[in-house]
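In what follows, a single structure is set out as structure tokens and then discussed.
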Amino acid sequence: MKTGVLALLAAALGQSPAATAQNDSTALVSPPSASRPVPFAAGERMQYLAKIGPTHVGRGSMEIVGIEDVRGRPAVHTRFMLRGGWLWFRANYLLESWVDQATFSSVRFSQDSDDDPSERDRIYEIFPERRTYRVNDGDERPSVEAPLDEGALLYYVRTMPLEVGKTYTLNRYFRPDRNPVVVKVVRRETIKVPAGTFQTIVIQPIIKSRGIFSEGGQAQIWLSDDSSRVMVQMRVRLKVANISLQLLSHHPGQTPTP
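The letter at position 45 of the sequence shown is residue 45 when you use my numbering, and the numbering goes up by one with no holes.
Encoded structure:
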């Protein structure tokens, strides 16, 4: 059993044994309830090469920044970043999430994207205890039980069972009109990236939004087919180009002590 921060994350992120299959290819993923280890720790950092076809256009990263206080509760701060450009093309994308350490529910979310100007410089304060959220200093709006945002979902999918051929649905996106989130498990594939050769599980996450995981974006993620579930590669369709992120390096972080 893991201790300290990781133990609390483990308790929060376990999949419910009551998750039921709706048919041969679709399973409903319930909110976490059972204790199980998670494949990441504070300090984990992955760095990526961003490419359009064979052309190097920038860098990306995905990391657990640390544990921070949000409204009196410890929260896991995660960050996903893409920065690049080539000729007239620019790709700038930033997701920052703060996730309750005890329940793995989103409590704050920040998004900045050139691809969707309507989402620039927005900060969402999310209140899981009363199932509401607000944008910047606006009024509170209805949310859902155990809410997640795009950044938190990048980590949550790493804890899921991910059986090839199945499609998982989650009614946990913090904006209710954008549910359900759909995660399709497409295939297993061995791929070569700058960090090496990996056996992977390929998934397709879909959210009813205009971000990188929108239905029209046809995003695909290659996760390492091992206990670490590292994101080895991502391909997304932006408004002006298709772009891929390929793993350059992975620092696993350290298991915290009590």
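For each residue, glycine too, the CB sits at the ideal point set by N, CA and C. No experiment lies behind these values; they were computed from the predicted model shown.
Residue ranges of each alpha helix (DSSP H) within the region 108-169, 4 or longer: 150-156
Can you say whether Arg229 is buried or exposed, counting buried as having 16 or more other CB atoms within 10 angstroms of its CB? As a working note, residue 229 is residue 229 in the sequence shown. By the 10 Å Cβ count, Arg229 comes out buried.
Which of helix, strand or coil DSSP assigns to Leu8: On the sequence shown, residue 8 is found 8 positions in, with the first residue counted as 1. Bear in mind that a pLDDT of 37 at Leu8, under 50, signals an unreliable position, so the model cannot answer this.
Spatial distance of Thr78 from Ala102 (CA atoms): In the sequence shown, residue 78 corresponds to position 78, counting from 1. In the sequence shown, residue 102 corresponds to position 102, counting from 1. Going by the C-alpha atoms only, they are around 15 Å apart.
Do Arg235 and Ser244 come within 7 Å of each other at the CB atom, strictly closer than that value? Taking the sequence shown and counting its residues from 1, one reaches residue 244 at position 244. Taking the sequence shown and counting its residues from 1, one reaches residue 235 at position 235. Yes.
Is Leu94 closer than 7 Å to Asp112 when the C-beta atoms are compared? As a working note, residue 112 is residue 112 in the sequence shown. As a working note, residue 94 is residue 94 in the sequence shown. Result yes, Cβ atoms of Asp112 and Leu94 sit closer than 7 Å.
Ignoring anything shorter than 3 residues, give me the beta strand (DSSP E) runs that lie fully in the region 202-246, in order along the chain. 220-224 and 231-237
Using 7 Å as the threshold, is the C-beta distance between Gln246 and Pro176 below it? Numbered from its first residue, the sequence shown carries residue 246 at position 246. Numbered from its first residue, the sequence shown carries residue 176 at position 176. No. Outside cutoff.
Determine contact between the region 200-208 and the region 220-229, defined as no fewer than three beta-carbon pairs at a distance below 8 Å. yes
Rounded separation between Asn242 and Ile123 - CA only: To locate residue 242, count along the sequence shown from 1; it is residue 242. To locate residue 123, count along the sequence shown from 1; it is residue 123. Roughly 27 Å separates the two Cα atoms.
Compare the C-alpha of Pro205 against each of Pro147, Trp98 and Leu162 and name the closest. Within the sequence shown, numbered from 1, the residue matching residue 205 stands at position 205. Ranking Pro147, Trp98 and Leu162 by Cα distance to Pro205 puts Leu162 first.
Excluding the 5 residues flanking Ala75 on each side, which residues of the same chain have their C-beta closer than 8 Å to its C-beta? The residue you call residue 75 lines up with position 75 of the sequence shown. So the qualifying residues of the chain are Ile67, Glu68, Asp69, Trp98, Val99, Asp100, Gln101, Val107 and Arg108.
Could you tell me if Asp139 is buried or exposed, where buried requires 16 or more neighbouring beta carbons within 10 angstroms of its beta carbon? To locate residue 139, count along the sequence shown from 1; it is residue 139. Burial call: exposed.
Would a C-beta distance cut-off of 7 Å place Phe80 and Gly151 closer than the cut-off? Residue 80 sits at position 80 when you count from the first residue of the sequence shown. Residue 151 sits at position 151 when you count from the first residue of the sequence shown. The answer is yes: Cβ separation under 7 Å.
At which residues does the beta strand (DSSP E) containing Ser103 begin and terminate? Within the sequence shown, residue 103 is the residue found at index 103, counting from 1. Checking the sequence shown, residue 103 turns out to be Thr, not Ser. Looking at the DSSP string, Thr103 is not in any beta strand (DSSP E), and its letter there is neither H nor E.
Which stretch, first to last residue, makes up the beta strand (DSSP E) that contains Leu87? As a working note, residue 87 is residue 87 in the sequence shown. Taken as a continuous stretch (DSSP letters only), Leu87 belongs to no beta strand (DSSP E), as it is neither H nor E.
Does DSSP put Pro176 in a helix, in a strand, or in coil? Numbered from 1 along the sequence shown, position 176 holds the residue referred to as residue 176. Residue state, collapsed to three classes: helix.
So the candidates are Leu49, Thr167 and Arg141; which of them puts its Cα closest to the Cα of Arg180? Translated into positions along the sequence shown, residue 180 becomes position 180. Going by the sequence as given, residue 180 is Pro instead of Arg. The shortest Cα separation from Pro180 among Leu49, Thr167 and Arg141 belongs to Thr167.
Pro39 and Ser227 closer than 7 Å at C-beta: Here residue 39 refers to the residue found at position 39 when the sequence shown is read from its first residue. Here residue 227 refers to the residue found at position 227 when the sequence shown is read from its first residue. In this structure, Ser227 lies closer than 7 Å to Pro39 by Cβ.
At what residues does the beta strand (DSSP E) containing Ala50 begin and finish? For this step, residue 50 is matched to residue 50 along the sequence shown. It spans Arg45 to Ile52 - the beta strand (DSSP E) in which Ala50 sits, taken as one unbroken run.
Let me know the secondary structure DSSP gives Asn92 once reduced to three states. Looking up residue 92 in the sequence shown gives position 92. If DSSP states are grouped into helix, strand and coil, Asn92 belongs with the strands.
What residue range does the beta strand (DSSP E) around Arg59 cover? Here residue 59 corresponds to residue number 59 of the sequence shown, with the count starting at 1. Here the beta strand (DSSP E) through Arg59 covers Thr55 to Val70.
Pairwise C-alpha distance: Val164 and Arg188: Your numbering for residue 188 matches position 188 in the sequence shown. Your numbering for residue 164 matches position 164 in the sequence shown. In a straight line, the C-alpha of Arg188 is about 7 Å away from that of Val164.
Any idea what DSSP makes of Ala75, helix, strand or coil? Locating residue 75 in the sequence shown gives position 75, where the first residue counts as 1. Looking at Ala75 - three-state DSSP - the assignment turns out to be strand.
Could you tell me whether any non-hydrogen atom of the ligand ADP is closer than 6 Å to the CB of Gly253? Inclusion of the ligand ADP in the displayed structure is not the case, the ligand content being empty and no account of it being possible.
Counterpart residues of Val183 in DSSP-defined beta bridges: Within the sequence shown, residue 183 is the residue found at index 183, counting from 1. Paired residue(s): Tyr168 and Pro205.
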